[in-house]
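Enquirer: Below you will find the structure I want to go over with you.
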Amino acid sequence: MIRRTDGGVRVDDARRIAHGARGLPGYHAPGLGFAKQGGVSEDRIRVEDVHLSFGGRVVYRGLRCGFPRGKISVIMGGSGAGKSTLLRLIAGLLRPDSGHIFVADEDITQMSERDLYRVRDRIGMLFQHGALLDSMTVFDNVALPLREHSQLSERDIAAEVSRRLVAVGLPDTEQLMPRQLSGGMLRRAALARAIVTDPEIVLCDEPFSGLDPLNVRRIESLLIELNQRLGLTLLVTSHHLPSSLRMADQMVFLVDGGAVVGPPRQLLASGDPRVREFLEAEVVADDPLRAAETSP
Amino acid sequence: MRASDGLRGLGLRTSKVVYQLGGIGLFLVDVVWKGFQPPLRFRRLLGEVFDVGVLSLAIVCLSGLTVGAVLGLQGYNTLSRFGAENSLGAVVGLTLVRELGPVLTALLVTGRAGSAMAAEIASMVTTQQLDGLRMMSIDPVDFVVAPKAAAMLISMPLLNALFIVFAFLGGYLIGVVLLGLDGGVYLTSMQDSITFADDVAGTLVKSVVFGALVAFIATYRGYIAEPTSAGVSAATTQTVVIASVAILLFDYVITALWGV
C-alpha cells in the first residue's frame with residue numbers, strides 16, 4: 126500500500142487537483158469584485174518571437190507566450206530552461222537578442238531605463254532569495270517604495286507597512302534585520318515589499334524553493350489570496366508541481382527554447398513527450414515512496 | 151586565412167576594450183550626474199561618511215602616529231650626520247604634507263573602506279538587491295553608488311588632514327620628547343618650510359584626486375561584479391590592486407605636472 130506524503134502528488138491526484146480547484150471554465154473566486162472567468166482572456170503580458178542566447182548557449186528560439194490579466198500563470202521547465210530569465214525579460218532587467226515583449230500593451234524591449242521605471246511601477250517582483258536590502262530593517266525595506274514614490278506621511282507609511290506585514294503573517298517583525306528572518310519569513314517580507322505599492326502584476330521567482338511543506342502552503346495561500354482579492358496578474362516560476370497545480374490558471378512549460386502553454390489539466394493530458402517526461406519525473410520526485418518503488 | 155583570423159581577433163579585442171572604456175565613461179558620468187540630482191540623499195550620505203570616515207579613524211590616526219615617529223627617528227639620525235638636526239621639523243612636515251600624507255592615507259583607506267565598498271556593492275549584485283531596487287523603480291546608481299562615492303570624496307581629505315596631524319605628533323614625540331630637540335625649533339622649522347599655496351593646497355588636491363580614484367574604482371568594480379562569491383572576491387581584490395597602482399601613478403603625474 127502506498128501512502129501519499131504531505132507534499133506528494135500522483136498524476137491522477139494531479140489531474141483531480143487541477144480539475145477540482147482552479148483552471149476550470151467558469152471558476153469564480155470569492156474576492157473584492159474580481160471574478161475569474163474561464164475561456165479567452167486578455168493577455169496582460171505578451172512575449173513574441175523572443176530569441177536569446179548567452180554566449181553559445183541558446184535559451185529561447187522564437188519563444189511565444191501570453192499571460193492573461195488577473196490570472197495565475199505558473200512557468201515550469203527543467204533547470205536552465207529559462208524560467209527565471211523569462212521573468213527578468215518581462216521585468217526589463219534583461220533584453221532579448223530579438224523579438225518583442227509587451228507589458229500592458231507597451232513594447233518594453235526598446236525602452237530606455239527611465240521609461241522602464243514607469244512600466245515597473247505596475248510590477249512587483251518577489252526574488253528567489255527575497256533581495257531585501259540587508260542594511261535596512263524589515264520595516265524600512267517594505268517602506269522604501271512608498272518613501273520613494275508616494276507623498277504619504279511617515280505615519281501613513283508606518284500604518285501601511287504594518288498592514289502589509291500583518292497580511293503576509295509577519296506582525297512584530299518591523300525592527301528585525303533581514304538576516305534575522307528564516308527563509309519563509311524572508312520571502313513573505315519580500316512579498317510584502319513587492320505588493321506595498323499595489324502593483325497590477327507580480328512576478329514570483331521560485332517562491333517555494335528550499336522551503337518546508339508548511340511554508341510552501343503558506344506562501345501558496347498568500348499568492349492565491351492576493352490573486353483572488355486584488356485581481357493581481359501573477360507569474361510564478363516553480364518546480365513544485367503540487368503547488369503549481371493548485372495555483373495555476375495557466376501553465377507555461379518551457380522546453381527546447383519554446384513554450385507549451387495551456388491550463389493545467391490540458392498540460393497533464395498533453396501528448397507532448399517532453400512535457401509528459403518532465404511531469405512524470407516531477408510526480409515521482411514529489412512522492413518519495415513512489416520514487417523508492419519505481420527505482421530499479 | 152591565418153592573417154584574417156589574426157585581424158578578426160585584434161578587431162574583437164579592440165572593440166571589447168572600446169566597449170569597456172565606453173562603459174567606464176558612462177558609469178562615471180552617471181555617478182557624477184546622479185550625485186547632484188534631487189533627491190539629495192543626505193541621510194544615506196551621512197551613513198556612508200560614517201562607514202568610510204569614522205570607521206577609518208583609528209587605523210588612520212594610529213598609522214599617522216607611527217609613520218611620524220619613524221620619520222622623526224630616521225630624519226634625526228640622517229640629519230645629525232650633517233649637524234642639521236634642527237631641520238627635523240621641516241623634513242617631517244614637508245615629507246608628510248607633500249607626499250606621505252595623501253599617498254599613505256589613500257592606500258590605507260583603499261584597504262579598509264574601498265575594499266569594503268566594492269565587496270558590499272558586489273554582494274548586493276550577487277543577492278539581487280540592486281535588481282530589487284530597479285524593480286522598485288529606484289536607480290541603484292542614485293541610491294547606492296552615488297552616496298558611497300560622495301562619502302569617499304568627502305572623507306579622504308579629512309582623513310588625510312588627520313593622518314598628517316597625528317604624524318606631526320609622532321615626529322614631535324620622537325624628535326623633541328625622546329631625542330631632546332628643542333620644541334620651539336622643531337615647530338618653527340616646520341612652520342617656516344610649509345607654504346599654504348604650494349604644500350597645503352597640493353596635499354588637498356592630491357587627496358581629492360585620490361578620493362575620486364578610490365571612489366570610482368571601488369564602486370565600478372563592485373557594480374560590474376559577476377554575481378557569484380568568486381565575483382565578490384575578485385571585485386574586492388581588483389579594487390585594492392587597481393586603486394593602489396592608480397594612486398601611485400597619479401601621485402607621480404600630479405607631482406610632475408604641478409610640482410606639489
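Heads up: the protein sequence lines correspond to chains X and U, in order. Each residue of the first sequence is one higher than the last, beginning at 126 in the numbering used here. Each residue of the second sequence is one higher than the last, beginning at 151 in the numbering used here. Virtual Cβ for every residue (Gly too), placed ideally from N, Cα, C.
#1: Would you mind listing the alpha helix (DSSP H) stretches within the stretch 309-391 of chain U that are 4+ residues and don't spill past its ends, in chain order?
#2: Excluding five sequence neighbours on each side, which residues of the same chain lie with their C-beta closer than 7 Å to the C-beta of residue 235 of chain U?
#3: Please list the terminal residues of the continuous alpha helix (DSSP H) segment that includes residue 154 of chain U.
#4: Does the distance from the C-beta atom of residue 210 of chain X to that of residue 244 of chain X stay below 8 Å?
#5: What residue range does the alpha helix (DSSP H) around residue 277 of chain U cover?
#6: Note down, one range per segment and in chain order, each alpha helix (DSSP H) of at least 4 residues found wholly within the stretch 331-374 of chain X.
#7: Between the stretch 218-237 of chain U and chain X, which residues of the former have a C-beta closer than 8 Å to a C-beta of the latter?
#8: Does the beta-carbon of residue 164 of chain U have 16 or more other beta-carbons within 10 angstroms, so that it is buried, or is it exposed?
#9: For my contact list, residue 202 of chain U and residue 287 of chain U are in at a C-beta cut-off of 8 Å; report their separation, rounded to the angstrom.
#10: Do residue 314 of chain U and residue 359 of chain U have their beta-carbon atoms positioned less than 8 Å apart in this structure?
#11: Over the uninterrupted alpha helix (DSSP H) stretch that includes residue 307 of chain X, give me the two end residues.
#12: Does the contact criterion of 3 or more C-beta pairs under 8 Å hold for the stretch 250-260 of chain U versus the stretch 203-213 of chain U?
#13: Relative to the alpha-carbon of residue 312 of chain X, which residue among X/224, X/197, X/277, X/258 has its alpha-carbon at the smallest distance?
#14: Have a look at the DSSP bridge pairing and note the partners of residue 376 of chain X.
#15: Here's a check: name, in chain order, each residue in its chain whose Cβ is nearer than 6 Å to the Cβ of residue 171 of chain X, leaving out the five neighbours to either side.
#16: Using a C-beta to C-beta distance shorter than 9 Å, which residues of chain X count as neighbours of residue 281 of chain U?
#17: Taking residue 370 of chain X as the reference, which of X/188, X/393, X/359 has the closest Cα?
#18: How about residue 187 of chain U: is its C-beta nearer than 8 Å to some C-beta of chain X?
#19: Spatial neighbours of residue 146 of chain X within its chain, please: C-beta separation below 6 Å, excluding the five flanking residues on both sides.
#20: Under 7 Å between beta-carbons, which chain U residues line up against residue 425 of chain X? List them in chain order, please.
#21: Enumerate in chain order the residues of its own chain whose CB-to-CB distance from residue 178 of chain X is below 7 Å, with the five nearest sequence positions on each side excluded.
#22: Taking its Cβ as the centre, do 16 or more other Cβ atoms sit within 10 Å of residue 167 of chain X, making it buried, or is it exposed?
#23: Here's the rule: buried if 16 or more other CB atoms are within 10 angstroms of the residue's CB, otherwise exposed. What is residue 169 of chain U?
#24: Tell me whether residue 173 of chain U is buried or exposed, calling it buried when 16 or more other Cβ atoms sit within 10 Å of its Cβ.
Expert: Put simply:
#1: 333-343, 351-373
#2: 226, 229, 331
#3: 152-185
#4: no
#5: That residue, residue 277 of chain U, is in no alpha helix (DSSP H); it is neither H nor E in DSSP.
#6: 338-355, 366-372
#7: none
#8: exposed
#9: Not quite, the Cβ-Cβ distance comes to about 28 Å (not below 8 Å), so this is no contact.
#10: no
#11: Where residue 307 of chain X is concerned, there is no enclosing alpha helix (DSSP H), given that its DSSP letter is neither H nor E.
#12: yes
#13: X/258
#14: X/199, X/387
#15: 191, 227
#16: 213, 216, 218, 250, 252, 256
#17: X/393
#18: no
#19: The predicted model places residue 146 of chain X with a pLDDT of 42, which falls under 50 and marks its position as unreliable, so this point remains unresolved.
#20: Since the first residue of chain X shown is 126 and the last is 421, residue 425 of chain X is not available in this structure.
#21: 184, 222
#22: exposed
#23: exposed
#24: exposed
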